[in-house]
Amino acid sequence: MTYTLEGSTGTWEIVVGLEVHAQVISQSKLFSGASTLFGGEPNTQVSLIDAGFPGMLPVINHECVAQAIRTGLGLKAHINLESHFDRKNYFYADLPQGYQISQFTHPIVGSGVVEIELSDGSTRQIGVTRLHLEQDAGKLLHDQDPKRSFVDLNRAGVALMEIVSEPDIRSPEEAGAYLRKMRQILRYLGTCDGNMDEGSMRADVNVSVRKAGEPFRTRCEIKNVNSIRFVTQAIEIEAMRQIEVWESGGSVDQETRLFDPGRGETRSLRSKEDAHDYRYFPDPDLLPLVVEQSWVDELKACLPELPDEKRARFQTEYGITAYDSGVLVAEQSMADFYESVAKGRDGKMTAAWMTGDFFAALNRTGKAIEESPVGADKLGGMLDLITDGTINGKIAKEVLETMFETGEAPLEIVERKGLRQVTDTGAIEAAADEIIAANQDKVEQYLGGKDKLFGFFVGQVMKATQGKANPAIVNDILKKKIHG
Amino acid sequence: MSLDLATTRRIAKLARIGLDDQEIETVRAQMGGILGWIEILNEVDVEGIPPMVGTSQTTALPQRQDAVTDGDRQSDVLANAPDREGPFFTVPKVVE
């Protein structure tokens with residue numbers, strides 16, 4: 006299904022490319038030994054290199070190079086064994102050097118691919134053009150003083166990976182799916198925490214529109230969009246704006262724009278009219294970065310299993326559906342939790358309980374899986390109690406809930422509350438006799454063809470045994486007794 | 191090679207250097223002279239020679255281990271700030 010927008014002159018397609026800025030996970034900065042920790046006292050995590058003092062020389066952080074290569078490998082991309090650093094020149098208050106050290110002509114990572122899945126179950130390959138290493142800028146605070154902006158350089162010089170996609174994206178949904186997938190891959194790799202709230206992952210969005218079959222038209226770049234929801238909104242709003250410009254006889258100018266979620270509009274950043282004249286040149290302080298293929302191979306051998314592969318393995322190894330598998334691999338911690346429960350148990354049953362009552366309870370208590378009061382061993386123990394017939398599925402829900410409240414072991418709860426499943430046929434027969442005797446009218450109706458009434462008898466017997474009867478035995482006994 | 195006035199103005203603007211009309215003319219002539227001198231390099235035949243990207247062809251880019259070895263020197267960092275406010279540098283408001 007092609008996503009299209011209707012204008013007054015007909016149907017329009019949209020073309021989107023994304024530039025993701027992902028902050029590299031490392032202890033220290035790309036070219037200085039200052040800390041990268043988020044939230045420090047202003048200007049305490051700054052070296053004289055980051056502050057742009059004259060005469061300071063940058064020295065590259067080996068781990069940041071490794072992180073970029075790992076990310077490239079995770080995106081199934083070509084690793085360039087030789088890459089170069091260039092200076093991107095512009096003046097802005099958050100950039101004390103007056104230039105950003107970046108990689109322009111020779112990035113460390115070449116073309117790769119990301120597979121996205123859409124809500125209708127279809128998949129698409131989105132091309133990655135390149136990934137390069139560059140420095141982050143400092144942070145400006147505009148709300149502290151009526152006339153001045155305050156500058157905190159703690160973030161200045163932290164390593165960023167800029168990951169540029171091909172203009173392969175054709176709908177807001179695809180853009181969202183691409184960003185989610187990118188974040189998932191980065192988090193699995195441990196190369197970026199993907200936290201958009203703290204700004205460690207941000208996106209620039211390139212949008213253009215065209216009629217079916219046309220070549221690309223002029224695009225606009227929406228800078229620094231900081232949530233997936235805003236990216237999808239910004240694309241739709243910007244595409245509609247461009248359609249109106251074209252249809253009213255105008256033409257779209259290539260420019261940088263800003264998305265204002267409050268007003269639901271994008272607007273031109275006129276101050277950036279020279280923004281594309283960066284006068285790049287090779288950084289004379291930095292020699293070419295040359296890495297050995299043997300090191301790349303080493304890094305490749307140590308990569309964790311990535312979400313696509315894990316998902317496929319879960320389906321074959323545990324026999325669960327593509328959907329459940331997708332839910333479980335969304336976060337590495339969830340996938341690990343699932344595997345430690347499912348090992349040696351029924352994979353499907355584990356998946357059903359995890360994606361059902363277990364996740365619901367986590368949501369209700371607002372806890373992440375790492376802080377779950379019910380660990381993998383306890384959830385597994387509860388599943389064992391179902392499997393060996395100690396409790397039935399209905400009681401298990403109650404046990405799980407109590408586990409979340411008290412943190413007790415499942416068997417403890419069963420014993421304390423007396424929840425053992427009643428498999429004693431004598432007790433169930435007695436309950437069944439009583440209910441049949443008290444509801445002769447319903448028995449006749451049932452025998453007369455109202456099949457659904459059978460559920461009523463089951464329910465009554467379960468009620469009489471406080472939900473603890475084994476449902477299979479209840480069914481058997483009732484059938485025998487009613488049909489005689 | 192001579193530089194036109196518009197290009198000279200643009201370069202000055204990108205470099206945030208304010209120049210009046212007379213100064214622009216002086217700078218234009220001086221930069222034209224520099225460019226003309228550099229153009230002599232065009233006489234060298236570099237066919238088939240890869241661009242030089244560093245002064246040393248034998249040394250590799252030095253790399254450091256990922257460790258925190260710097261920072262915690264707020265007073266040094268802010269020492270030259272002309273309009274410091276507490277722990278911050280300040281600049282005239284640059285809000286979009």
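So the protein sequences, as listed, match chains L and X.
Residue 6 is where the first sequence starts when you use this note's numbering, and the numbers rise one by one after that.
Residue 191 is where the second sequence starts when you use this note's numbering, and the numbers rise one by one after that.
Quick reminder that beta carbons are idealized off the backbone N, C-alpha and C, glycines included.
Being a predicted model, the structure only gives us computed values, none of them experimental.
Which of the three DSSP states, helix, strand or coil, is assigned to residue i?
| i | result |
| --- | --- |
| Val-295 of chain L | strand |
| Asn-94 of chain L | strand |
| Ala-208 of chain L | strand |
| Ile-54 of chain L | coil |
| His-147 of chain L | coil |
| Arg-262 of chain L | strand |
| Tyr-283 of chain L | coil |
| His-26 of chain L | strand |
| Ser-13 of chain L | coil |
| Asp-166 of chain L | Note that residue 166 of chain L corresponds to Met in the displayed sequence, not to Asp. Looking at Met-166 of chain L - three-state DSSP - the assignment turns out to be strand. |
| Tyr-183 of chain L | helix |
| Val-281 of chain X | strand |
| Gln-450 of chain L | helix |
| Thr-370 of chain L | helix |
| Asp-362 of chain L | helix |
| Ser-444 of chain L | The sequence shown places Asn at residue 444 of chain L, rather than the Ser named in the question. In this structure, Asn-444 of chain L counts as coil in the three-state DSSP scheme. |
| Thr-128 of chain L | strand |
Is residue i close to chain L? Criterion is C-beta to C-beta, closer than 8 Å.
| i | result |
| --- | --- |
| Asp-235 of chain X | no |
| Glu-213 of chain X | no |
| Arg-216 of chain X | In the sequence on display, residue 216 of chain X carries Thr and not Arg. It does not; no Cβ of chain L falls within 8 Å. |
| Glu-275 of chain X | yes |
| Arg-199 of chain X | no |
| Leu-268 of chain X | yes |
| Pro-272 of chain X | no |
| Pro-240 of chain X | no |
| Leu-231 of chain X | no |
| Leu-193 of chain X | no |
| Leu-225 of chain X | no |
| Leu-209 of chain X | no |
Mind reading off the beta-carbon distance from residue i to residue j? Whole number of angstroms is fine, and I expect it under 8 Å.
| i | j | result |
| --- | --- | --- |
| Asn-48 of chain L | Gln-264 of chain X | 5 Å |
| Gly-244 of chain X | Pro-63 of chain L | Incorrect: roughly 14 Å between the Cβ atoms, too far for contact. |
| Gly-79 of chain L | Ile-190 of chain L | 5 Å |
| Arg-92 of chain L | Phe-286 of chain L | 6 Å |
| Ile-227 of chain L | Glu-270 of chain L | Contact flag wrong, Cβ pair sits at about 11 Å. |
| Val-70 of chain L | Met-206 of chain L | Contact flag wrong, Cβ pair sits at about 20 Å. |
| Leu-145 of chain L | Val-156 of chain L | 6 Å |
| Lys-383 of chain L | Ala-414 of chain L | 6 Å |
Return no unless some Cβ of chain X is closer than 8 Å to the Cβ of residue i.
| i | result |
| --- | --- |
| Asp-157 of chain L | yes |
| Ile-113 of chain L | no |
| Ala-414 of chain L | no |
| Pro-177 of chain L | no |
| Gln-140 of chain L | no |
| His-26 of chain L | no |
| Gly-38 of chain L | yes |
How about the stretch 190–197 of chain L and the stretch 207–222 of chain L: do they share at least three Cβ pairs that are nearer than 8 Å? no
Quick one, which residues of the stretch 244–261 of chain X are near chain L if we go by CB-CB under 9 Å, in chain order? Gly-244, Thr-245, Ser-246, Thr-249, Ala-250, Leu-251, Pro-252, Gln-253, Arg-254, Gln-255, Asp-256, Ala-257, Val-258, Thr-259, Asp-260, Gly-261
Check whether the stretch 97–115 of chain L touches the stretch 300–308 of chain L, counting contact only when three or more Cβ pairs, one atom from each stretch, lie closer than 8 Å. no
Members of the stretch 293–312 of chain L near chain X, C-beta cut-off 7 Å: Across the stretch 293–312 of chain L, CB contacts with chain X closer than 7 Å involve Pro-293, Leu-294, Val-295, in sequence order along the chain.
May I ask you to list, following chain order, the residues of the stretch 91–115 of chain L that have a beta carbon less than 7 Å from some beta carbon of chain X? Phe-96, Ala-98
The stretch 315–329 of chain L in contact with the stretch 264–273 of chain X per 3-pair CB rule at 8 Å: Taking a contact to require three or more Cβ pairs closer than 8 Å, the stretch 315–329 of chain L and the stretch 264–273 of chain X do not qualify as touching.
Does the count of Cβ pairs from the stretch 254–264 of chain L and the stretch 73–90 of chain L closer than 8 Å reach three? no
Residues within the stretch 56–67 of chain L neighbouring chain X, beta-carbon criterion of under 7 Å: Near chain X, meaning a CB-to-CB distance below 7 Å, the residues of the stretch 56–67 of chain L are Ala-56, Val-64, Ile-65, Asn-66, His-67.
Any contact of the stretch 332–347 of chain L with the stretch 374–392 of chain L, i.e. 3+ C-beta pairs under 8 Å? yes
Inter-stretch contact at 8 Å, needing at least 3 Cβ pairs: the stretch 6–26 of chain L / the stretch 223–233 of chain X: No contact exists between the stretch 6–26 of chain L and the stretch 223–233 of chain X.
Could you name the residues of the stretch 40–51 of chain L whose beta carbon sits closer than 7 Å to any beta carbon of chain X, in the order they occur along the chain? Ser-40, Glu-46, Pro-47, Asn-48, Thr-49, Gln-50, Val-51
Return the residues of the stretch 238–271 of chain L that lie within a Cβ-Cβ distance of less than 7 Å from chain B, sorted by chain order. In the structure shown, chain B does not exist; the protein chains are L and X.
Could you please tell me which residues of the stretch 317–331 of chain L, in chain order, have their CB closer than 8 Å to any CB of chain X? none
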